[in-house]
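Numbering (my numbering), first residue to last: 11 to 109.
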């Protein structure tokens, strides 16, 4: 490991915001730098979703590994795309639940 804490990017469906917050908290208290999805308090536009999706791929670029928050094994379309991107860039991937 380098002279810094591990960096983990959290990925998952926005329906699991509470679970992603819990993972963020647990990792942070374990000494990990956490990069997480952006959150919105209201519905977002298609343009905003496209921009956030692209930004999240850059967050994966910053990470040492990716944690997929997938209660019940659920992985949606955006998360599937993020997994494929992480795999293509050689990032280790782990899941909170069996897929």
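The beta-carbon is built from N, C-alpha and C at its ideal position, and this holds for glycine as well.
Residue span of the beta strand (DSSP E) that contains residue i, given as start and end
i          : result
residue 39 : Not the beta strand (DSSP E): residue 39 falls in the alpha helix (DSSP H), residues 27-39.
CB contact flag (residue i, residue j, <8 Å)
i           : j          : result
residue 48  : residue 62 : yes
residue 81  : residue 26 : yes
residue 46  : residue 20 : yes
residue 103 : residue 76 : yes
Per DSSP, the bridge partner or partners of residue i
i           : result
residue 45  : 19
residue 104 : 77
Rounded C-alpha distance that separates residue i from residue j
i           : j           : result
residue 42  : residue 31  : 14 Å
residue 78  : residue 67  : 13 Å
residue 13  : residue 50  : 34 Å
residue 74  : residue 101 : 7 Å
residue 16  : residue 72  : 11 Å
residue 44  : residue 83  : 22 Å
residue 140 : residue 86  : Because the chain in this structure spans residues 11 to 109, residue 140 falls outside the shown range and cannot be described.
residue 35  : residue 105 : 16 Å
residue 29  : residue 18  : 15 Å
residue 99  : residue 92  : 11 Å
Close Cβ partners of residue i (< 8 Å) along its chain, the five nearest in sequence each way excluded
i          : result
residue 65 : 48
residue 89 : 21, 22, 23, 78, 80
Cut-off 7 Å between Cβ atoms - residues of its own chain near residue i, not counting five sequence neighbours on either side
i         : result
residue 9 : For residue 9 there is no data in the structure shown, the boundaries of the chain being 11 and 109.
Residue i, enclosing alpha helix (DSSP H) - first and last residue
i          : result
residue 50 : Element bounds for residue 50: n/a, residue is neither H nor E.
residue 95 : 87-98
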